[in-house]
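**Q** All the letters of the sequence shown, read from the start, carry residue numbers 1380 to 2016 under this note's numbering.
Cβ atoms here follow ideal geometry from the backbone N, Cα and C, with glycine treated the same way.
Computed from a predicted model, the values in this text were never measured in an experiment.
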Amino acid sequence: MHLTMQRLAALVSQNRPQLNEREVRALDYQEDIVRGFTRMYRLLSRVREPLLSTQLPRFARDRMRVILRPTRFYALLLLASYHPDLLRDALERDRFFDRLWLNVDGWSDLARFIPAERQDLWMGDIPCFTTTPESRTIYTADGTPVMDLYKVSALELTERQLRSLNERDLVRQTWIIKASLAMPHMGTEKNSALPTLIAPHHQPVERARLLSLSSSIGRRLEELLLPLDTHTGWLGMTLVRTKTWDLQSLRTDLYDGISGIALFLAYLGAITGETSATNLARRALASVRQEIALARSAMEEWRKHPPEDDHAEQHRNTLGLNVGVFDGWSSFIYLLTHLSQLWHEPTLAQEAEELAAYLPELIAHDEHFDIIHGTAGCLLSLLSLYAIHPSPRVLDIVIQCGMHLLATAQTFPAGLGWVIDQQEQPLASFSHGNAGIAMSLLKLAQVSGEERFRQTALKALAYERSLFVPEYQNWADLRPDEDEEISESNSSHPSQRFMVAWCHGAPGIGLARLGTLAQLDDKQVRQEIDIALATTSARGLGLNHSLCHGSLGNLDLLLTATRLLNRQEDHERLEMALSQVVKSIETHGWATGVPLGVEIPGLMTGLAGMGYELLRLAEPEQVPSVLLIAPPIGGTA
1380 MHLTMQRLAA LVSQNRPQLN EREVRALDYQ EDIVRGFTRM YRLLSRVREP
1430 LLSTQLPRFA RDRMRVILRP TRFYALLLLA SYHPDLLRDA LERDRFFDRL
1480 WLNVDGWSDL ARFIPAERQD LWMGDIPCFT TTPESRTIYT ADGTPVMDLY
1530 KVSALELTER QLRSLNERDL VRQTWIIKAS LAMPHMGTEK NSALPTLIAP
1580 HHQPVERARL LSLSSSIGRR LEELLLPLDT HTGWLGMTLV RTKTWDLQSL
1630 RTDLYDGISG IALFLAYLGA ITGETSATNL ARRALASVRQ EIALARSAME
1680 EWRKHPPEDD HAEQHRNTLG LNVGVFDGWS SFIYLLTHLS QLWHEPTLAQ
1730 EAEELAAYLP ELIAHDEHFD IIHGTAGCLL SLLSLYAIHP SPRVLDIVIQ
1780 CGMHLLATAQ TFPAGLGWVI DQQEQPLASF SHGNAGIAMS LLKLAQVSGE
1830 ERFRQTALKA LAYERSLFVP EYQNWADLRP DEDEEISESN SSHPSQRFMV
1880 AWCHGAPGIG LARLGTLAQL DDKQVRQEID IALATTSARG LGLNHSLCHG
1930 SLGNLDLLLT ATRLLNRQED HERLEMALSQ VVKSIETHGW ATGVPLGVEI
1980 PGLMTGLAGM GYELLRLAEP EQVPSVLLIA PPIGGTA
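#1: Residue range of the beta strand (DSSP E) that G1615 falls in?
#2: Determine the extent of the beta strand (DSSP E) in which L1795 is found, giving its start and end residues.
#3: Quick check on DSSP: helix, strand or coil for Q1959?
#4: What do you get for A1439, buried or exposed, if any count of 16 or more other CB atoms within 10 angstroms of its CB means buried?
#5: Does DSSP put L1912 in a helix, in a strand, or in coil?
#6: Is the beta carbon of R1675 closer than 9 Å to that of E1740?
#7: Is it right to say Q1804 is buried, meaning 16 or more other beta carbons lie within 10 angstroms of its own, or is it exposed?
#8: Given a cut-off of 9 Å, decide if A1663 and L1647 are closer than it, judged by their beta-carbon atoms.
#9: Measuring straight from C-alpha to C-alpha, what distance separates Q1834 and A1735?
#10: Starting from Q1397, follow its DSSP beta bridges and name the residues at the other end.
#11: In whole angstroms, what is the alpha-carbon distance linking M1384 and L1465?
#12: Below 8 Å, how does it come out for the region 1413-1433 and the region 1486-1495: are there three or more Cβ pairs, yes or no?
#13: Between T1697 and the rest of its own chain, which residues show a CB-CB distance below 6 Å, the 5 nearest in sequence each way excluded?
#14: Which residue from F1711, W1969, P1792 puts its Cα closest to that of T1984?
#15: Using a Cβ-Cβ distance under 9 Å, would I1910 count as near chain D?
#16: For R1497 and F1476, which I take to be in contact (beta-carbon distance under 8 Å), what is that distance rounded to the nearest angstrom?
#17: Under 7 Å Cβ to Cβ from P1524, same chain only, skipping five residues before and after it: list those, please.
#18: Relative to the C-alpha of A1987, which residue among V1977, L1926, E1954 is closest?
#19: Secondary structure at R1599, three-state DSSP: helix, strand or coil?
#20: Just to confirm, is the Cβ distance from H1768 to N1701 under 9 Å?
#21: Considering only the beta carbon of each residue, do L1758 and I1712 sit closer than 9 Å?
#22: Name the DSSP bridge partner or partners of D1625?
#23: Is Q1825 helix, strand or coil when you go by DSSP?
#24: Under 9 Å, do L1764 and V1773 count as touching if we go by C-beta distance?
#25: If D1635 sits next to G1615, beta carbons under 8 Å apart, how far is it from one beta carbon to the other, in whole angstroms?
#26: Is G1932 helix, strand or coil when you go by DSSP?
#27: By the three-class DSSP mapping on this structure, what secondary structure does I2012 have?
#28: Pick from L1931, I1908, D1909: whose alpha carbon is nearest that of G1919?
#29: Can you give me the Cβ contacts of E1670 inside the same chain, cut-off strictly under 6 Å, excluding the 5 residues immediately before and after it?
#30: Taking C-beta to C-beta, are Y1453 and P1494 nearer than 9 Å?
#31: Please list the segments of the beta strand (DSSP E) lying wholly inside the region 1472-1519, counting only runs of 3 or more residues, in order along the chain.
#32: What residues match up with R1444 in a beta bridge as DSSP calls it?
#33: Helix, strand or coil, according to DSSP, for E1863 in the structure here?
#34: At a cut of 8 Å, does the region 1520-1539 reach the region 1590-1604 through at least three beta carbon pairs?
#35: Would you say G1887 and A1814 are within 9 Å of each other, going by their C-beta atoms?
#36: For S1543, which residues of its own chain have a beta-carbon under 6 Å away from its beta-carbon, when the five flanking residues on both sides are left out?
The structure is reproduced here in C-alpha cells:
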C-alpha cells in the first residue's frame, strides 16, 4: 500500500441561495445591492471624523494574522513530511522543507521568513505570522519580529481610505459593483444586441444635440477614471480565451484600450474646446507611452533572439506585439499621427515614425493579416502617418506590408484570400476578411504606383463576391460560432449566418467600397454600395450603439455615402436613421457592444466609440472615420 495524490474534479456544491427551489441571481437584485452600498458609503462619509478620532484607534494594537502563503500549501507540505521515507532520516525531512524556497525568485522578501516557517513545521504546526493595524512589522508565532514588510500600516491605509470617500469615488465604485454582478452571466446570455431602436422618427438632429451627447460621454469617462498615482487608467470587461469575461485594467490598444479613449478625448477637446477633455487625453497619452517603453524593451529583447531560437516567439508575444491598427503596435502609431495633427505637434509624428522602425521584424512574422490584428491594419495606419509625414522610410515599411500580404495570399476557385485565426477559409468582412485587406492593397497601389497590389486586391474581391447571397442581400459570415443574437441564419443553408455590422456583413463591406472609390469605381462597386446601404438601413439600426457591431458604427456607412456620393436619397436616409438612433439613446440609455450591454469605456464596443461617432456626425469635416482607419483631416492618403 502507498499514499498518492491526484487531481479530482470538485463536485458542485449547493452553496448559492435559492428561493422557491430556484437559484437566486445576484444580478436580479442589482438595484437593491447598489442602494444598500450607497447608503452605507454615505453613512461612513457622514461619521468620518468620529471614526478617525475615536473608533479606529481602539483597534490599533489588536493582533491579526498575516498570510504570506496559502494555508493549504503549508498543510500539504506538513502532511507529506510525515511519509516514512522522510521520517527515517531527519536530514531528508529537512531537505524536503527546502520546497519553501521555490517561490523566492518572485518575491525576495519571502526568504526572510523561511527560518520561522521551518521552525513551525518542525513543531508540527502551520506557520503563523502576525502584526497589528498600527504596525508595519511582521512577527513570528513566538512574537519575534522579522522585518518591516509594509511601507504603510493597515491603520494608516484605512484612515486614508476614509478620508478619500467622495461622490466621484462612489460613482466609480457603483460601476464596479454593476459590472461585477453582470460578469458571471455575460458568457451565458447571448444578448449583446439589445432592443434599442424605437419607432421611425423623422425629427432632424441638431449639431448641438450631438455635441451634448458626446460631451456627456467625456464627463462619464472622467468619472470612471481610476485614481492611480503614476498614470491614467480605466477598468473594462475583457473576454478571456473567447469564453469568459473578466473585470480588468484596460490595455493600451486602440480597440477597447486607453489609446482609443485618448483618441476620442483629443477630438472632443478639439471640437468643443473643453480643456478638461484635452487634459485627460494628454494624461492618457502619458499612460500609453509608459506601455510603449515596456513594449520597446520587449522588442529589443526579441531582436536578440534569431527566428529559430525557441525563445523568439515568446518574446514577440510579450505585451501582445501584433502589428494591427486596433490590437497591436500600429495602435500607437495611429494615435500619435492624429494627435500630432490635432495638437499641431510635429514631434508626435516623428515619434510615430520611430515606432514604425520596429515593424519590419513583426510584419515578417505576422500570421493575422487582417485589419484588427494584422498587416492590413498596419498598412493603413502607416498610410495615415505617411499622409501627414511623407517619410521614405515609412513608405518602405508600407510596401513591405503589401509584399507580405501578396506572399501569404492563398488561391481558391473564386479568387484568393487569407485564412485567419485557424478559419477553414477566408472571410468576407472588413475586420478580419477580404474587404478590409483588399481596401488596404488598393490604397497601397495608388500610393506606390505598383499594379501588382491592385491585381491582388481585385482577386480578393472576386472571392468575396462569391460569398454574396442575393436572398439576404448580404455576404455570408463563415465563422462557426457567431452570436445568434446579432446574426441571421439562412433557412436554405443553416450553416450560413449573416451579420449587419462594420466588423462582419454589409455595412463594413459597403464602407470598404466607399473607402476605395478613388481607386476602384465601376458599376459593380456602385451596386454593392447600394446593396450595403439598403441592407444596413433595413436591418442594421436596431442593435446596440457600439462602433464595431452596433448602430452608430453602421451610421458611419450612411454618413460616408452622403459625403462621397452626394445623393438626396442618402441624405434623407441618414437623417431618418440618425433621428431614430439618437432618440433610442435618449430613451433607453447607452447600450454597449458586450453582453448585457454592460457599460465599458473603450472605443470599438464602449462609450468612447459612441462619443467619437457622435462627434463625427456633428462635424464630419473635422473628424475622420476611424472605421476606415482614415488619416487626420488634411492628410492626402
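**A** Reading it off the structure:
#1: 1614-1619
#2: 1794-1796
#3: helix
#4: exposed
#5: helix
#6: no
#7: exposed
#8: no
#9: 27 Å
#10: E1402
#11: 17 Å
#12: no
#13: In this prediction, T1697 scores a pLDDT of 47, lower than 50, which makes its location untrustworthy; no coordinate-derived value is stated.
#14: W1969
#15: The structure shown contains no chain D, having only a single protein chain.
#16: 5 Å
#17: T1516, Y1518
#18: L1926
#19: helix
#20: no
#21: no
#22: T1617
#23: helix
#24: yes
#25: 6 Å
#26: helix
#27: coil
#28: L1931
#29: T1631
#30: no
#31: 1508-1510, 1516-1518
#32: T1509
#33: With a pLDDT of only 48 at E1863, under the threshold of 50, the placement of this residue in the model should not be trusted; the figure read from the coordinates follows. Reduced to three states, the DSSP call for E1863 is helix.
#34: no
#35: yes
#36: none
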